[in-house]
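Residue numbers (the UniProt record's numbering), protein chains in the order written: chain V, 1 to 233; chain X, 1 to 217. I have placed the structure first, in the form of structure tokens, so that the comments after it can refer back to it.
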Amino acid sequence: MKERKVIHSFKEAVRDIQDGSTIIVGGFGLCGIPELSIQAIKEQETKDLTVVSNNCGVDDWGLGLLLANRQIKKMVSSYVGENKIFEQQYLSGELEVELTPQGTLAERIRAGGAGIPGFYTPTGVGTPIAEGKETKEFDGKTFLLERGIVGDFALVKAWKADTLGNLVYRKTSRNFNPLAAMAGKITIAEVEEIVEPGELDPDEIHTPGIYVQRLLLGANYQKRIERLTVAQV
Amino acid sequence: MKDARLAIVKRAVQEIENGMNVNLGIGMPTLVANEIPADFNVLLQSENGLLGIGPYPTAGEEDPDLINAGKETITAVPGASFFDSAESFAMIRGGHIDLAILGGMEVSEQGDLANWMIPGKMVKGMGGAMDLVNGAKRVVVIMEHVNKHGESKIKKECILPLTGRRVVNRLITDMAVFDFTAEGMVLIETQGNITIEEVREKTEAYFTIAPELVAAN
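The structure is reproduced here in structure tokens:
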């Protein structure tokens, strides 16, 4: 049965995200983050979340909002250095952190979405992240077994969509979003523009709509810049 | 820029050959981009999903959807491509990046690199560094030779947790340039007026001296 994917309320879109859920969130730094879905989860006050995302926002924006509101139990990330609240909660033992190399994190999410429960990678061999992980030799070199990740939900941000949920991203805001879209049992995509089927060139679609269960048109995106750098003239 | 850092950056740019695809790490390695000869066709990769980093935008032209791995606003050069993070690291891990230049905290005489955490201090994460050191065809580390207490950052064994084991091909410091070979760590150049003896005094690691360097002294 073909459900209508377009939902008109962010509150409605995140309503069934339960306490203790695992959510995969697209974005790199503050670039390409699903800012409106994150705020809806903040307002809903869902607790004990495991959040899989490359970064954890900044103190007052992005996933940092959920941290400040003590909604996150565990983060799976590659870099979390931009956030003081994160540091406080981590050092007090309130927040659990699983640091994963960025390429391994991307592949774990991609694998989860692609039905691959684990894969071998050279990344991290001989380092602290290899502790407790199975290794295997291939052609005389050692590789680590890493697990695929599937989320109860995935939150993604795209530029344009059609009503079937086909997504197009813009520039480097693509980052983890297409991977997150694949790996959510329920994927919630928010976009800046929704068009009718046929208006997107099938050749330009980055995420086929099959991965997207709920689609929302966002408004008033802040798209905050973390480090504004301009050329010295 | 401090003289020491400038010397490192000026030497590091010589590692870049025309036609290469290069990943520059955050911090001092990013500064190497400014020194690449204008007539070179080099594509710089940003692991968040861009091959073909351009200059910083002019004021007012910045685009929040276009940033580098250091989260700075940037531009893209003509011929650039955008891709997702799995593709980006396929490119890195799969050996398609010719050269990665990274910063370091410690390098051992075996070519081990530590550059992501200091025990007892807040752990920020390794980002893409562990993938880069295992995937790029060539790994060059740039760092100051000694720490602020004057102690060698080039160790017999790294004390800090590793980013990668036996992954460094070349190390460039403000005093010297070393290669890591099957025969061990080799001093191949000294910087400016630095003598081999001064390099020895400031280096904990054991190294041999390249025959060409012996002949030149």
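The beta-carbon is built from N, C-alpha and C at its ideal position, and this holds for glycine as well.
N-terminal and C-terminal residue of the alpha helix (DSSP H) that residue i is part of
{"i": "residue 113/V", "result": "102-113"}
{"i": "residue 37/V", "result": "35-44"}
{"i": "residue 92/X", "result": "85-93"}
{"i": "residue 68/V", "result": "64-68"}
{"i": "residue 149/V", "result": "No alpha helix (DSSP H) contains residue 149/V, which DSSP labels as neither H nor E."}
{"i": "residue 51/X", "result": "Unbroken run through residue 51/X is the beta strand (DSSP E), 50-53; no alpha helix (DSSP H)."}
Selection from the options that minimises the alpha carbon distance to residue i
{"i": "residue 207/V", "options": "13/X, 77/X, 83/X", "result": "83/X"}
{"i": "residue 36/V", "options": "19/V, 61/V, 50/V", "result": "61/V"}
{"i": "residue 46/X", "options": "117/V, 172/V, 137/V, 219/V", "result": "172/V"}
{"i": "residue 235/V", "options": "232/V, 224/V, 220/V, 212/V", "result": "Coverage of chain V is limited to positions 1 through 233, which leaves residue 235/V absent and any answer about it impossible."}
{"i": "residue 55/V", "options": "47/V, 34/V, 28/V, 108/V", "result": "28/V"}
{"i": "residue 37/X", "options": "106/X, 212/X, 87/X, 14/X", "result": "14/X"}
{"i": "residue 192/V", "options": "176/V, 170/V, 182/V, 201/V", "result": "170/V"}
{"i": "residue 232/V", "options": "10/X, 55/X, 8/X", "result": "55/X"}
{"i": "residue 174/V", "options": "23/V, 30/V, 122/V, 20/V", "result": "30/V"}
{"i": "residue 23/V", "options": "200/V, 4/V, 32/V, 71/V", "result": "71/V"}
{"i": "residue 91/X", "options": "120/X, 122/X, 48/X", "result": "48/X"}
{"i": "residue 12/V", "options": "214/V, 228/V, 230/V, 159/V", "result": "214/V"}
Contact set between residue i and chain V, taken where Cβ atoms lie within less than 7 Å
{"i": "residue 49/X", "result": "172, 174, 175"}
{"i": "residue 79/X", "result": "Here the premise fails: no neighbours, minimum Cβ distance about 15 Å."}
{"i": "residue 56/X", "result": "229, 230, 231"}
{"i": "residue 175/X", "result": "Under the 7 Å cutoff, chain V gives no residues; its nearest Cβ is about 27 Å from residue 175/X."}
{"i": "residue 67/X", "result": "29, 31, 172"}
{"i": "residue 134/X", "result": "122, 123"}
{"i": "residue 59/X", "result": "230"}
Straight-line Cα distance separating residue j from residue i
{"i": "residue 76/X", "j": "residue 89/V", "result": "37 Å"}
{"i": "residue 26/X", "j": "residue 10/V", "result": "36 Å"}
{"i": "residue 191/X", "j": "residue 159/X", "result": "26 Å"}
{"i": "residue 180/V", "j": "residue 59/X", "result": "33 Å"}
{"i": "residue 152/X", "j": "residue 129/X", "result": "22 Å"}
{"i": "residue 50/V", "j": "residue 42/V", "result": "14 Å"}
{"i": "residue 18/X", "j": "residue 40/X", "result": "5 Å"}
{"i": "residue 119/V", "j": "residue 142/V", "result": "13 Å"}
{"i": "residue 44/V", "j": "residue 15/V", "result": "8 Å"}
{"i": "residue 1/V", "j": "residue 141/X", "result": "Bear in mind that a pLDDT of 41 at residue 1/V, under 50, signals an unreliable position, so the model cannot answer this."}
{"i": "residue 137/V", "j": "residue 198/V", "result": "48 Å"}
{"i": "residue 133/V", "j": "residue 183/V", "result": "22 Å"}
{"i": "residue 86/X", "j": "residue 117/V", "result": "16 Å"}
{"i": "residue 133/X", "j": "residue 34/X", "result": "23 Å"}
{"i": "residue 139/X", "j": "residue 170/X", "result": "7 Å"}
{"i": "residue 42/X", "j": "residue 22/X", "result": "7 Å"}
{"i": "residue 93/X", "j": "residue 69/V", "result": "37 Å"}
{"i": "residue 186/V", "j": "residue 17/V", "result": "10 Å"}
{"i": "residue 31/X", "j": "residue 103/X", "result": "11 Å"}
{"i": "residue 124/X", "j": "residue 146/X", "result": "23 Å"}
{"i": "residue 202/X", "j": "residue 150/X", "result": "8 Å"}
{"i": "residue 209/V", "j": "residue 25/V", "result": "18 Å"}
N- and C-terminal bounds of the beta strand (DSSP E) containing residue i
{"i": "residue 189/V", "result": "184-191"}
{"i": "residue 219/X", "result": "This structure leaves residue 219/X out entirely; chain X is present only between 1 and 217."}
{"i": "residue 179/X", "result": "176-181"}
{"i": "residue 130/X", "result": "No beta strand (DSSP E) holds residue 130/X; the alpha helix (DSSP H) holding it covers 129-135."}
{"i": "residue 124/X", "result": "Segment: none, residue 124/X is in no beta strand (DSSP E) and carries neither H nor E."}
{"i": "residue 5/X", "result": "Note, residue 5/X: premise wrong, no beta strand (DSSP E); alpha helix (DSSP H) at 3-12."}
{"i": "residue 101/X", "result": "99-103"}
{"i": "residue 18/V", "result": "Segment: none, residue 18/V is in no beta strand (DSSP E) and carries neither H nor E."}
{"i": "residue 84/V", "result": "From DSSP, residue 84/V is part of no beta strand (DSSP E) but of the alpha helix (DSSP H) over 84-91."}
{"i": "residue 75/V", "result": "72-77"}
{"i": "residue 172/X", "result": "170-172"}
{"i": "residue 28/X", "result": "From DSSP, residue 28/X is part of no beta strand (DSSP E) but of the alpha helix (DSSP H) over 28-31."}
{"i": "residue 161/V", "result": "160-162"}
Residues that residue i contacts on chain X, provided the C-beta gap is smaller than 7 Å
{"i": "residue 226/V", "result": "71"}
{"i": "residue 103/V", "result": "89, 92, 93, 128, 131"}
{"i": "residue 80/V", "result": "124, 125"}
Closer than 9 Å at the beta carbon, the chain X residues around residue i
{"i": "residue 128/V", "result": "117, 161, 162"}
{"i": "residue 156/V", "result": "Here the premise fails: no neighbours, minimum Cβ distance about 11 Å."}
Closer than 6 Å: residue i CB and nearest the ligand SAM heavy atom
{"i": "residue 20/V", "result": "No copy of the ligand SAM appears in this structure; indeed no ligand is present at all."}
Partner residues on chain X for residue i, Cβ-Cβ distance less than 8 Å
{"i": "residue 106/V", "result": "84, 85, 86, 88, 89"}
{"i": "residue 219/V", "result": "None at all; the shortest Cβ gap to chain X is about 16 Å."}
{"i": "residue 99/V", "result": "123, 125, 126"}
Within chain V, the residues that residue i reaches when beta carbons sit closer than 8 Å
{"i": "residue 155/X", "result": "What residue 155/X touches in chain V: nothing, since even the nearest Cβ is about 15 Å away."}
{"i": "residue 63/X", "result": "171"}
{"i": "residue 100/X", "result": "Here the premise fails: no neighbours, minimum Cβ distance about 12 Å."}
{"i": "residue 165/X", "result": "125, 126, 127"}
Interface partners of residue i on chain V, CB under 9 Å
{"i": "residue 138/X", "result": "Under the 9 Å cutoff, chain V gives no residues; its nearest Cβ is about 15 Å from residue 138/X."}
(message) Does the segment 161-179 of chain X come into contact with the segment 107-118 of chain X, if we say contact requires no fewer than three beta-carbon pairs (one atom in each stretch) closer than 8 Å?
(response) The segment 161-179 of chain X makes contact with the segment 107-118 of chain X; the number of CB pairs closer than 8 Å reaches 3 or more.
(request) Decide yes or no for the touch test of the segment 148-163 of chain V against the segment 120-128 of chain V: beta carbon pairs closer than 8 Å, at least 3 of them. (result) Between the segment 148-163 of chain V and the segment 120-128 of chain V there are fewer than three inter-stretch CB-CB distances shorter than 8 Å, so the stretches are not counted as touching.
(request) Flag this pair as touching only if the segment 213-227 of chain V and the segment 52-72 of chain X have three or more C-beta atom pairs under 8 Å; answer yes or no. (result) yes
(message) Any contact between the segment 71-80 of chain V and the segment 88-101 of chain X? By contact I mean 3 or more CB pairs, one from each, below 8 Å.
(response) Contact between the segment 71-80 of chain V and the segment 88-101 of chain X is not established, with fewer than three Cβ pairs separated by less than 8 Å.
(message) Would the segment 2-18 of chain X count as touching the segment 170-178 of chain X if we require 3 or more Cβ pairs under 8 Å?
(response) yes
(request) Take every Cβ of the segment 59-75 of chain V, pair it with every Cβ of the segment 100-107 of chain V, and state whether three or more of those distances are shorter than 8 Å. (result) no
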